[in-house]
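Number of protein chains: 2
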Amino acid sequence: MARPRRRDDVLRTATTRFYEHGIAATGVDRLAADAGVAKMTLYNNFASKDDLVVAYLEHRDREFFERLDEHVADHHGNARRRAMAVVDVYEHYVRQDGFRGCAFINAAAELPRDHPGREVVRRHKAAVRDRWTDLIAALGHDEPHRLAHECCLLLEGAFVYAGLGVDDEPLAGVRELIHRRLATTTDR
Amino acid sequence: MARPRRRDDVLRTATTRFYEHGIAATGVDRLAADAGVAKMTLYNNFASKDDLVVAYLEHRDREFFERLDEHVADHHGNARRRAMAVVDVYEHYVRQDGFRGCAFINAAAELPRDHPGREVVRRHKAAVRDRWTDLIAALGHDEPHRLAHECCLLLEGAFVYAGLGVDDEPLAGVRELIHRRLATTTDR
DNA sequence: AAGTAACTAGACAGGTCGGTCTGTCTAGGT
DNA sequence: ACCTAGACAGACCGACCTGTCTAGTTACTT
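Line by line, the protein sequences give chains S and R.
Residue 226 is where the first sequence starts when you use my numbering, and the numbers rise one by one after that.
Residue 226 is where the second sequence starts when you use my numbering, and the numbers rise one by one after that.
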């Protein structure tokens with residue numbers, strides 16, 4: 226039996242529209258229409274718009290880490306190159322047409338403080354940092370947590386600047402910066 | 226003659242409400258009511274809500290740099306300490322009750338790509354980096370642009386993480402990181 | 001071929017949105 | 001004492017919002 230096709234249609238459409246136009250600016254009527262689905266089908270698959278927002282963020286989170294896993298697998302044997310895979314993935318998103326900054330940060334900016342989606346965002350960013358830590362630990366650094374934190378900040382900062390369009394070649398500088406940082410075994 | 230008082234009331238109220246609840250989530254009716262002002266007074270002072278949004282962002286930009294100037298002035302004579310004033314100001318915002326991340330990034334996340342407010346945000350972040358560059362150049366570094374860029378990324382990344390509430394003591398790490406970075410005269 | 005579960009379009013309710021308009025009131029300047 | 005600019009409250013507009021409901025249709029399973 227096929228996966229629930231309509232649900233995927235809705236989720237896929239939400240993924241692009243929520244990102245491109247923002248969550249609040251995307252009404253469920255238009256969303257359903259764009260997905261080629263009746264509004265009731267949307268509400269049969271998701272309890273509410275808020276519920277759909279959470280599903281959207283979880284979907285993006287899954288997609289991100291799948292992509293990261295692929296990039297990491299592409300370079301097995303080369304630990305430093307594997308660590309740089311995180312930068313690769315961020316760069317992939319920056320290069321997308323209609324790039325508008327980090328989907329998670331943008332969502333968090335729109336959601337009220339008690340919205341369950343914010344927790345998804347929080348967990349995602351924490352997971353990214355954990356992944357950095359693992360990859361850096363594999364490099365044999367003495368303080369992987371600390372270095373991972375630093376890489377996170379650099380990359381996240383560059384992602385934000387890229388989203389605002391402050392720079393022309395946004396991630397080039399940070400790639401070099403992180404690459405050099407990973408080479409230094411002493412971290413002071 | 227007094228400054229246009231009502232206009233300031235509106236702008237001040239917008240500054241808190243737009244930040245705390247988001248721009249889209251703040252209706253003009255409620256905004257006017259909170260400011261203790263008739264809706265028509267709001268529209269007599271601002272052409273549209275979009276216009277008010279731009280004024281809001283410019284107001285925050287002004288406020289930010291005024292605060293920065295004060296902090297810089299507090300440490301005249303000590304160039305490194307002056308540079309760290311940027312971190313001081315960011316920390317001031319992080320410590321505020323109801324801190325919800327960078328007002329400019331949050332606004333940009335909500336605004337459509339062609340909204341004039343986005344340009345204000347872009348200019349603000351570019352101005353912050355320029356200020357970093359000046360402060361670092363005063364330290365006698367050989368490549369102030371490059372180091373300023375790095376400090377920007379670190380601080381901006383930390384600001385984002387702080388806004389999401391990933392860490393408990395969000396800016397402590399980055400302060401030490403930047404402080405140490407500014408000590409190194411060679412920047413490789 | 002029959003049954004059933006999922007889908008469809010569209011109306012509907014109750015609210016909020018940005019923005020306009022009217023008519024009244026009040027404070028200051030002359 | 002009069003005039004005027006600006007602020008007032010509140011009705012009003014059309015558009016859009018989330019979410020519900022109904023009634024008819026499609027498509028798969030047995």
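Glycine included, C-beta positions come from ideal geometry on N, C-alpha and C.
Quick caveat, the model's predicted, so the values are computed rather than measured.
(request) May I have a chain-ordered list of the alpha helix (DSSP H) segments no shorter than 4 residues that lie completely inside the region 312-381 of chain R? (result) 328-335 and 341-362
(message) Distance check for E288/R and V279/R, CA to CA, integer angstroms please.
(response) 14 Å
(message) At the 8 Å Cβ level, is N331/R part of the contact set with chain S, yes or no?
(response) yes
(request) May I have the straight-line CA-CA distance separating V391/R from R354/S, to the nearest angstrom? (result) 10 Å
(message) Cutting at 8 Å between CB atoms, please list the residues of its own chain near V235/S, excluding the five before and the five after it.
(response) L256, A257, A260, V262, T266, L267, N270, F271 and L277
(request) Could you say if the region 244-253 of chain S and the region 295-314 of chain S meet the contact criterion of at least three C-beta pairs nearer than 8 Å? (result) no
(request) Using beta-carbon positions only, say whether L379/S and L389/R come within less than 8 Å of one another. (result) no
(request) Whole angstroms is fine: what's the gap from R405/S's alpha carbon to D275/S's? (result) Distance between the alpha carbons of R405/S and D275/S: 42 Å.
(request) Quick one: list the residues of chain S neighbouring A365/R, beta-carbon separation under 9 Å, in chain order. (result) Rather than Ala, the amino acid found at residue 365/R in this sequence is Gly. Chain S residues near G365/R: none, gap ~21 Å exceeds 9 Å.
(message) As a quick exercise: from C376/S, F243/S and V311/S, pick the residue whose alpha carbon is nearest that of R281/S.
(response) For clarity, residue 281/S is Tyr in the given sequence; the question names Arg instead. Considering only alpha carbons, the answer is F243/S.
(message) Run through chain S and tell me which residues come within less than 7 Å of L372/R, C-beta to C-beta.
(response) Per Cβ cutoff of 7 Å: no residues; L372/R is ~11 Å from chain S at best.
(request) Starting from the C-beta of A304/S, find all residues in its chain whose C-beta is less than 7 Å away, skip the five residues before and the five after it, and write them out in chain order. (result) A363 and L364
(message) Quick check: what's the CA-CA separation for E368/S versus L336/R?
(response) 40 Å
(message) Please return the same chain residues whose Cβ sits closer than 7 Å to the Cβ of R413/S, not counting the five positions on each side in sequence.
(response) For R413/S, the predicted structure reports a pLDDT of 42, less than 50, and the residue's modelled location is therefore unreliable. The matter cannot be settled from this model.
(request) Taking only the alpha-carbon atoms, compute the straight-line gap between H300/R and E245/R and give it to the nearest angstrom. (result) 32 Å
(request) Just the C-alpha distance for H317/S and A310/S, rounded to the nearest angstrom, thanks. (result) 10 Å
(request) Locate the alpha helix (DSSP H) running through N303/R, then write down its first and last residues. (result) Neither: N303/R is in no alpha helix (DSSP H) and is coded neither H nor E.
(request) Can you say whether M226/R is buried or exposed, counting buried as having 16 or more other CB atoms within 10 angstroms of its CB? (result) Bear in mind that a pLDDT of 37 at M226/R, under 50, signals an unreliable position, so the model cannot answer this.
(message) Between which two residues does the alpha helix (DSSP H) holding A239/R run?
(response) Note, A239/R: alpha helix (DSSP H), R230 to H246.
(message) I'd like to confirm something about H284/R: is its beta-carbon nearer than 7 Å to some heavy atom of the ligand COA, or not?
(response) No copy of the ligand COA appears in this structure; indeed no ligand is present at all.
(message) Residues of chain R with CB closer than 9 Å to the CB of V314/S, please, in chain order.
(response) Within chain R, no residue comes near V314/S; the closest Cβ sits about 16 Å away, beyond 9 Å.
(message) Strictly below 9 Å CB to CB, what residues from chain S border A250/R?
(response) A249, E335 and P337
(message) Can you look up A260/R in the DSSP assignment and give me helix, strand or coil?
(response) helix
(request) Could you check the C-alpha separation between R232/S and S273/S for me, to the nearest Å? (result) 13 Å
(message) Contact defined as beta carbons within less than 8 Å: I believe R325/S pairs with R325/R. What is the distance between those atoms, to the nearest angstrom?
(response) The Cβ separation is near 20 Å, so there is no contact.
(request) Pick out whichever of L372/S, D322/S and P341/S has its Cα sitting closest to the Cα of A387/S. (result) Of the candidates L372/S, D322/S and P341/S, the one whose C-alpha sits nearest the C-alpha of A387/S is D322/S.
(request) Return helix, strand or coil for V278/S, following the three-state DSSP convention. (result) Looking at V278/S - three-state DSSP - the assignment turns out to be helix.
(request) Output, in sequence order along the chain, the residues in the region 343-365 of chain R whose CB is closer than 7 Å to any CB in chain S. (result) V346, R347, K350 and A351
(request) Identify the contact partners of E375/R in chain S, using a Cβ-Cβ distance below 7 Å as the criterion. (result) L402
(request) Count the other C-beta atoms from every protein chain shown that fall within 10 angstroms of the C-beta of D286/S, then say buried if there are 16 or more, exposed otherwise. (result) D286/S is buried by the Cβ-count criterion.
(request) Measure the CB-CB distance between A383/S and L396/S and report whether it falls below 8 Å. (result) yes
(message) Using a Cβ-Cβ distance cut-off of 8 Å, determine whether R325/R contacts chain S.
(response) yes
(request) Quick one: give me the first and last residue of the alpha helix (DSSP H) that G398/S is part of. (result) From DSSP, the alpha helix (DSSP H) with G398/S extends over A397 to A408.
(request) Whole angstroms is fine: what's the gap from V314/R's alpha carbon to T240/R's? (result) Roughly 18 Å separates the two Cα atoms.
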